[in-house]
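Peer 1:
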Amino acid sequence: MQAQAQQALAGAKIAGIAQDEYGRPIILVKQDDEGKTRVTGLEAQKQNIFAAIQVSQIVRSSLGPRGMDKMLVSPDQDVTVTNDGATIMDKMEIMNHIGQLVVNLSKAQDDEIGDGTTGVVVLLGGLLEQAEQLLDKGIHGIRVSEGFDSACKVACDELSRIADKVEWSKDNLEPLITTAMSTLSSKIVHRNRRQIAEICVKAVLAVADLDRKDVNLDLIKVEGKPGGRMEDTCLVEGIVLDKDISHPQMVKEIKDAKIAVLTCPFEPPKPKTKHKIDLSSGEQYQKLHEQEQEYFKNMVKLCKDSGATLVCCQWGFDDEANHLLMTNKLPAIRWVGGVELELLAIATGARIVPRFEELSADKLGVAGSVKEVGFGTTKDRMVFIENCKNSKAVTIFVRGGNKMIVEEAKRSIHDALCVVRNLVRDSRIVYGGGHAEMCCSIAVEKAAKQVATIEYHALSAFASALDVVPIALAENSGLAAIETLTSLKTTYRELAEKDNTVHHLGVDCMDSGTNNMKEQGVYETLIGKMQQMKLATQMAKMILKIDDVILDDPTA
Amino acid sequence: MGEIFKPGANLQKGEHARLSSLIGAISLADQVKTTLGPRGRDKILQSTGRDLSVNVTNDGATILKNMVVSNPAAKLLVDVSKTQDAEVGDGTTSVCVLTGELLRAAEELLTSGIHPQTINAGWRLAHGVAQKALLDSSSDHGSDAAQFKEDLLNIARTTLSSKILNVDIEKFAQLAVDSVLRLKGSTNLESIHVLKKLGGSLSDSYLEEGFLLDKKIGIGQPKRIEKAKILVANTAMDTDKIKIYGARVRVNSIAKLAELEAVEKDKMKKKCQKIIDHGINCFINRQLIYNFPEEIFAQAKVMAIEHADFDGIERLALALGAEVTSTFDNPEVVKFGECDVIEEVMIGEDTLIRFGGCKAGEACTVVLRGSSQHLLDEAERSLHDALCVLSQTVKETKTVWGAGCSEMLMARAIEDEANKTPGKKANAMRAFAKALRAIPAIIADNAGLDSADLVSQLDAEISSGSKTSGIDVITGTVGDMTDLKITESYKVKSSMINYAAEAAEMLLRVDSIITCAPRERKNPHGRRGM
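Those protein sequence lines, which keep their order, are chains A and B. For the first sequence, this note's numbering begins at 420 and goes up steadily by one. For the second sequence, this note's numbering begins at 23 and goes up steadily by one.
1. Comparing the C-beta of glutamine 438 of chain A with each C-beta of chain B, is any distance below 7 Å?
2. Mind pulling the alpha helix (DSSP H) runs of 4 or more residues that sit fully within the segment 567-604 of chain A?
3. Contact check, glycine 608 of chain A vs methionine 669 of chain A under 8 Å by CB: the rounded distance?
4. So, threonine 387 of chain B versus glutamate 230 of chain B, is the Cβ gap smaller than 7 Å?
5. Relative to the C-alpha of valine 102 of chain B, which residue among A:Lys822, A:Glu805 and A:Leu542 is closest?
6. Do you know whose CA, among B:Val495, B:Pro444, B:Asn313 and B:Thr79, lies nearest serine 931 of chain A's CA?
7. Against cysteine 380 of chain B, what residues of chain A qualify as contacts under a CB-to-CB distance less than 9 Å, listed in chain order?
8. Among B:Met528, B:Phe233 and B:Asp533, which one has its Cα closest to the Cα of alanine 143 of chain B?
9. Could you list the residues in the segment 511-529 of chain A with a C-beta less than 7 Å from some C-beta on chain B, going in chain order?
10. What residue range is occupied by the uninterrupted beta strand (DSSP E) comprising tyrosine 942 of chain A?
11. My understanding is that glutamine 243 of chain B touches valine 324 of chain B, with C-beta atoms under 8 Å, so please give their C-beta distance in whole angstroms.
12. Exposed or buried, which one is tryptophan 587 of chain A when buried takes at least 16 other CB atoms within 10 Å?
13. With 16 as the cutoff for other CB atoms within 10 Å, does asparagine 635 of chain A come out buried or exposed?
14. Could you name the residues of chain A that cysteine 304 of chain B contacts, counting a contact when the two beta carbons are closer than 9 Å?
15. Going along the chain, which residues of the segment 89-111 of chain B sit with their C-beta nearer than 8 Å to a C-beta in chain A?
16. I'd like the list of long-range same chain contacts for leucine 721 of chain A, defined as Cβ closer than 8 Å, with 5 residues on each side in sequence excluded.
17. Ordered along the chain, which non-local residues of its own chain (more than five positions away) have a Cβ less than 8 Å from that of alanine 339 of chain B?
18. Looking at C-alpha atoms only, which residue of B:Gln309, B:Val355 and B:Arg246 is the closest neighbour of histidine 300 of chain B?
19. Given a threshold of 16 other Cβ atoms within 10 Å of its Cβ, counted over all protein chains shown, does glutamine 950 of chain A qualify as buried or as exposed?
20. Looking at serine 183 of chain B and proline 60 of chain B, is the spacing between their C-beta atoms short of 7 Å?
21. Identify the residues that DSSP records as bridge partners of alanine 751 of chain A: which are they?
22. So what does lysine 790 of chain A bridge to, in DSSP terms?
23. With distances taken between CB atoms, is the gap from phenylalanine 803 of chain A to cysteine 653 of chain A smaller than 7 Å?
24. If we require 4 or more residues per run, which alpha helix (DSSP H) segments fall completely within the segment 53-140 of chain B?
25. Closest Cβ-Cβ distance between threonine 347 of chain B and chain A: below 7 Å?
26. How close, in whole Å, do the beta carbons of valine 500 of chain A and leucine 836 of chain A come, if the pair is a contact with beta carbons under 8 Å?
27. First and last residue of the beta strand (DSSP E) that includes leucine 229 of chain B?
28. Whole angstroms is fine: what's the gap from glutamine 579 of chain B's alpha carbon to tyrosine 521 of chain B's?
29. Measuring straight from C-alpha to C-alpha, what distance separates lysine 794 of chain A and lysine 644 of chain A?
30. So, helix, strand or coil for valine 189 of chain B, using DSSP?
31. Note down, one range per segment and in chain order, each alpha helix (DSSP H) of at least 4 residues found wholly within the segment 503-554 of chain A.
32. Is the beta carbon of alanine 258 of chain B less than 7 Å from the beta carbon of glutamine 295 of chain B?
33. Can you have a look at serine 134 of chain B and say buried or exposed, based on whether 16 or more other CB atoms are within 10 angstroms of its CB?
34. Looking at chain A, is there any beta carbon in it that lies within less than 7 Å of the beta carbon of valine 273 of chain B?
35. Distance check for cysteine 807 of chain A and glycine 787 of chain A, CA to CA, integer angstroms please.
36. Taking aspartate 488 of chain A as the query, report the chain B residues whose CB atoms sit under 8 Å from its CB, ordered along the chain.
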């Protein structure tokens with residue numbers, strides 16, 4: 420051991436040295452020439468901040484209704500075009516450690532809220548930019564993060580203050596649709612946003628549990644197929660399976676179908692225990708053959724006897740079983756995936772049956788219509804199962820001009836679904852277009868003036884950081900950013916002083932002639948916005964706290 | 023410091039990204055645009071595979087599919103073309119060219135400082151106007167059978183005019199229409215079997231009323247059957263395994279083994295007997311038939327045909343009105359196929375089996391003859407395009423005038439609308455109109471005509487109220503489409519504009535391109551190539 424330590428001492432550059440009581444050096448971090456690097460102190464902080472800002476710069480131009488998309492080329496040369504912050508972050512394969520933290524931040528927002536994944540990263544970038552200046556002034560990172568913390572609290576309080584409650588009911592879905600449209604306005608589906616917003620709202624309400632105010636988005640399946648036009652995107656009250664009916668000559672359309680949902684294959688049983696059947700005579704062979712035939716007949720008979728008119732099987736079945744099913748006039752779908760099978764069971768009220776013997780009439784699912792639909796000139800076919808017993812599971816079927824558009828539309832729909840879900844859970848909203856950020860910025864600034872300690876700087880830095888969102892919005896829309904923001908802020912203050920109410924001013928990205936976000940119908944959910952602030956602040960604090968980075972170069 | 027991506031990754035931003043994506047797409051479109059129109063030219067594609075096989079084609083989708091493009095924007099264009107191919111089957115070049123022209127027009131606007139999203143907003147308006155104008159200019163003869171057939175023939179002629187089948191266009195148009203009409207409204211083109219046989223000339227091609235199967239009849243079996251009763255099956259006729267897990271044979275003497283073998287043989291014999299007991303005189307199996315069962319069938323004077331591939335079997339089942347069977351215990355419920363005669367025929371040097379006078383006439387076979395494999399391949403693609411368009415037209419019976427007529431109508435409608443639209447969007451709309459006008463110009467250019475002159479003449483005609491004028495590239499004048507009968511499917515045109523607009527919008531929205539570090543490949547050809 421000692422020899423090794425000596426050797427290391429001799430051969431390597433020593434980065435961190437501590438000494439024991441005899442004055443012998445203890446090597447904490449062995450830093451040799453093979454690419455291990457270590458950065459400490461202010462330099463480390465600055466490096467981290469720089470990396471995070473770089474990432475946020477990349478997505479910054481995607482913010483807002485006039486934000487631009489990114490084209491991402493994967494290591495396998497697949498192309499994705501997207502506007503969704505989380506997807507961009509996910510697919511750009513960031514190597515830098517801090518960059519990865521930022522990716523996680525975006526993912527956290529995606530998991531929790533589903534929308535605002537770009538905004539949160541942009542906000543983080545703004546916070547860190549400001550923090551860097553404070554560090555330059557010589558303010559300790561911890562003090563900065565403490566200041567950010569209290570500023571965040573002020574901002575969240577302000578958010579709750581300016582929040583409006585949207586009144587919606589089953590008969591008045593308009594507010595929900597408007598909010599979903601705000602989300603969709605920055606995406607490629609812009610052209611059809613009204614239609615898609617309506618689809619999303621309907622889908623969410625179809626699966627929502629309004630008493631518990633909960634929505635299980637797993638019940639909404641988003642299925643896509645290139646072809647058709649985006650206008651053909653539709654909501655299917657049931658399930659769409661990307662499968663075809665197993666035998667070309669089975670019935671392709673079934674009315675009032677009774678569906679058997681099976682997880683057992685159409686095969687002779689396969690005991691889990693390892694076994695061998697030894698055949699030693701011709702008789703035995705024949706018996707085995709008969710037994711096999713019997714199995715097949717029995718299985719089909721059990722299905723038929725239960726009264727099923729459609730069999731959906733998780734596994735495959737071979738030609739013989741397939742044909743037996745057909746002669747018995749039992750259409751079947753094979754290789755249905757586990758998730759689809761579950762959805763199917765939920766939608767049709769079927770029980771998933773693991774054994775043929777357990778199949779009975781009451782375990783069958785009911786669907787008003789099942790039909791196989793072909794697309795275009797290719798052999799692609801899909802099975803639509805509609806008018807299910809309890810339409811608790813629905814499918815949004817997306818069409819579009821090419822694979823990338825369909826994929827992007829699916830992502831956009833996911834965002835819109837999340838937003839509508841959030842509204843069902845909590846119907847409070849704030850206004851978009853940078854309005855919420857601007858209000859918070861003003862509030863934080865005000866609060867800062869009442870702080871006598873060094874935290875004052877952190878608070879006012881936070882206030883300036885919040886401005887980054889309206890500025891980015893204005894920049895992306897081709898407006899004079901600083902000018903727009905200052906004039907907005909001044910008007911807001913003047914108006915607020917006059918009548919002491921909240922005015923919904925924001926950046927007029929779409930050049931529609933009004934700055935009133937309420938009139939423009941730009942809504943965002945309160946929880947989404949709050950989450951953005953909290954997550955971004957947390958992440959900024961975390962990055963500020965790091966003062967030592969030890970890196971192993973993976974390429975070495 | 024500051025490197026956040028993996029080594030080898032690349033981030034292009036702003037102008038660079040825009041340049042890379044616009045130029046990429048435009049140059050790809052320029053590659054294929056010379057194939058457009060009746061006087062368009064073909065491309066030779068040489069594969070990078072070891073055989074360096076050569077492909078001569080005029081079909082946009084085929085060209086794009088086989089070109090190895092690395093530019094991400096160009097890839098998107100390839101995908102658009104593929105979707106057009108899958109959806110309607112034709113217009114695969116046009117969709118790509120129109121996207122390119124849209125982007126070219128957008129580039130100009132971008133350099134004059136208009137925000138991409140403003141262009142998109144204008145395009146969305148223009149697209150709506152274009153679709154409406156297209157719908158207005160369409161005519162629908164779906165209810166009038168004779169007129170509709172005439173429409174179909176015209177469409178087939180228009181589609182085929184730019185392809186290799188141009189040589190005998192009347193014949194092939196008729197052939198395509200006939201075979202599509204046999205489908206009776208179904209769009210399942212699988213039931214039209216296109217058989218390519220080397221030799222003869224293209225004009226020797228014909229539509230076989232019956233069904234041709236490119237297989238051999240088993241040895242020693244009847245070569246000609248009249249009033250055939252056919253069983254179409256998909257079953258193992260080699261070794262019929264018992265599908266019970268874990269079964270294995272363990273014997274202690276050779277005699278026992280022989281006994282088992284005999285039983286196994288017996289089982290196959292029984293199976294054959296069961297099949298024969300259906301009272302059939304022809305048995306067609308998807309899978310192999312081994313010598314032993316083949317012999318049994320020969321003895322029973324049953325014609326046995328093995329190894330009809332899966333599509334073949336489905337088509338056969340359709341043609342003969344039979345069902346594909348796999349079990350043989352219930353002869354009473356099985357639907358047999360019937361046809362008047364089964365015989366061997368010779369085409370060129372090959373023997374094929376012909377099923378004449380089939381019960382259900384939905385499926386049919388088109389026999390293509392030609393002097394080289396490349397010619398045949400291209401002929402098949404051309405015919406496929408025509409068949410796709412026709413089958414889609416049967417579903418959506420609206421038609422529009424071709425030869426640049428509908429493009430010009432749309433362009434005119436957009437410009438009229440743009441004149442009423444205030445703001446920068448109007449510029450974008452005009453750009454859209456300009457892109458649409460580029461299509462007839464390219465067609466004229468490809469024919470060696472003075473496109474600038476012709477297009478302005480045509481525009482004057484259209485502006486003065488004509489709804490049927492178009493460019494006659496053969497004579498090089500502006501003509502009336504009602505006389506020239508250049509008709510196109512509404513669906514093809516509509517989806518072409520739709521896809522092109524969507525793709526162009528998507529590309530225009532891009533402001534950065536992030537290329538991840540390519541995955542390291544372990545030399546795929548490895549040691550074998552050495």
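Using N, Cα and C, we set each Cβ at its ideal position, and we do this for glycine too. These figures come from a predicted structure and were not determined experimentally.
Peer 2: Result, derived from the coordinates:
1. Against the first sequence, residue 438 of chain A aligns to sequence position 19. So no, glutamine 438 of chain A is outside the interface.
2. 593-603
3. Within the first sequence, residue 608 of chain A is the residue found at index 189, counting from 1. Within the first sequence, residue 669 of chain A is the residue found at index 250, counting from 1. Per the sequence presented here, residue 608 of chain A reads as valine, with glycine not at that position. 36 Å between Cβ atoms; not a contact.
4. In the second sequence, residue 387 of chain B corresponds to position 365, counting from 1. In the second sequence, residue 230 of chain B corresponds to position 208, counting from 1. In contact: threonine 387 of chain B and glutamate 230 of chain B (Cβ atoms closer than 7 Å).
5. As a first step, residue 102 of chain B must be located in the second sequence, where it is residue number 80. The residue with the shortest Cα to Cα distance from valine 102 of chain B is A:Lys822.
6. Position 512 of the first sequence, counted from the start, is the residue given in the question as residue 931 of chain A. Taking only the C-alpha atoms, the option nearest serine 931 of chain A is B:Pro444.
7. Position 358 of the second sequence holds residue 380 of chain B. In chain order: nothing, as chain A lies at least about 16 Å away.
8. Counting from 1 along the second sequence, the entry for residue 143 of chain B is found at position 121. Checked all of B:Met528, B:Phe233 and B:Asp533; the closest Cα to alanine 143 of chain B is B:Met528.
9. Met511, Glu512, Ile513, Met514, Asn515 and Gly518
10. Here the question's residue 942 of chain A lines up with position 523 in the first sequence. It spans 942-944 - the beta strand (DSSP E) in which tyrosine 942 of chain A sits, taken as one unbroken run.
11. The sequence position of residue 243 of chain B within the second sequence is 221, counting from 1. The sequence position of residue 324 of chain B within the second sequence is 302, counting from 1. About 7 Å separates the two Cβ atoms, so the contact holds.
12. Here residue 587 of chain A corresponds to residue number 168 of the first sequence, with the count starting at 1. Tryptophan 587 of chain A should be labelled buried.
13. Walking along the first sequence from the start, residue 635 of chain A turns up at place 216. Exposed: under 16 other Cβ atoms inside 10 Å.
14. On the second sequence, position 282 is the one that residue 304 of chain B refers to. The contacting residues do not exist; cysteine 304 of chain B stays about 18 Å from chain A at best.
15. Ser92, Pro94, Ala95, Lys97, Leu98, Asp101, Val102, Lys104, Thr105, Asp107, Ala108, Glu109, Val110 and Gly111
16. Within the first sequence, residue 721 of chain A is the residue found at index 302, counting from 1. Excluding residues within five positions, the ones whose Cβ falls inside 8 Å are Phe775, Glu776 and Leu778.
17. For the purposes of this step, residue 339 of chain B is identified with residue 317 of the second sequence, where counting begins at 1. Once the five neighbours on either side are set aside, the close Cβ partners of alanine 339 of chain B are Val254, Glu345, Val346 and Gly359.
18. Start at 1 with the first residue of the second sequence, and residue 300 of chain B comes out as number 278. The shortest Cα separation from histidine 300 of chain B among B:Gln309, B:Val355 and B:Arg246 belongs to B:Val355.
19. Here residue 950 of chain A corresponds to residue number 531 of the first sequence, with the count starting at 1. By the neighbour-count rule (16 or more Cβ atoms within 10 Å), glutamine 950 of chain A is buried.
20. Locating residue 60 of chain B in the second sequence gives position 38, counting from the first residue. Locating residue 183 of chain B in the second sequence gives position 161, counting from the first residue. Yes; because the gap between Cβ atoms is below 7 Å, this pair is in contact.
21. On the first sequence, residue 751 of chain A is found 332 positions in, with the first residue counted as 1. In DSSP, alanine 751 of chain A forms a bridge with A:Val730.
22. Within the first sequence, residue 790 of chain A is the residue found at index 371, counting from 1. Paired residues: A:Glu672 and A:Phe803.
23. Within the first sequence, the letter at position 384 stands for residue 803 of chain A. Within the first sequence, the letter at position 234 stands for residue 653 of chain A. In this structure, cysteine 653 of chain A does not lie closer than 7 Å to phenylalanine 803 of chain A by Cβ.
24. 82-88, 94-109 and 114-133
25. Taking the second sequence and counting its residues from 1, the one referred to as residue 347 of chain B is at position 325. So, interface residue.
26. As a first step, residue 500 of chain A is located in the first sequence; it is residue number 81 there, counting from the start. As a first step, residue 836 of chain A is located in the first sequence; it is residue number 417 there, counting from the start. Actually they do not touch by this definition, with Cβ atoms about 21 Å apart.
27. For the purposes of this step, residue 229 of chain B is taken as residue 207 along the second sequence, with counting starting at 1. Residues 228-230.
28. The structure shown has nothing for residue 579 of chain B, since chain B only spans 23 to 552.
29. Your numbering for residue 794 of chain A matches position 375 in the first sequence. Your numbering for residue 644 of chain A matches position 225 in the first sequence. Here the sequence assigns phenylalanine to residue 794 of chain A, which means lysine is not the residue at that position. Approximately 9 Å, taken between the alpha carbons.
30. Mapped onto the second sequence, residue 189 of chain B falls at position 167. Looking at valine 189 of chain B - three-state DSSP - the assignment turns out to be helix.
31. 504-510 and 516-531
32. Counted from its first residue, the second sequence places residue 258 of chain B at position 236. Counted from its first residue, the second sequence places residue 295 of chain B at position 273. No, Cβ-Cβ distance for alanine 258 of chain B and glutamine 295 of chain B is not below 7 Å.
33. Start at 1 with the first residue of the second sequence, and residue 134 of chain B comes out as number 112. Under this definition serine 134 of chain B is an exposed residue.
34. Counting from one through the second sequence, the residue named residue 273 of chain B turns up at place 251. Taking Cβ atoms only, chain A reaches closer than 7 Å to valine 273 of chain B, which makes this a yes.
35. The sequence position of residue 787 of chain A within the first sequence is 368, counting from 1. The sequence position of residue 807 of chain A within the first sequence is 388, counting from 1. So the two alpha carbons sit approximately 6 Å from each other.
36. The residue given as residue 488 of chain A occupies position 69 in the first sequence. The contacting residues are Met528, Arg531, Val532 and Asp533.
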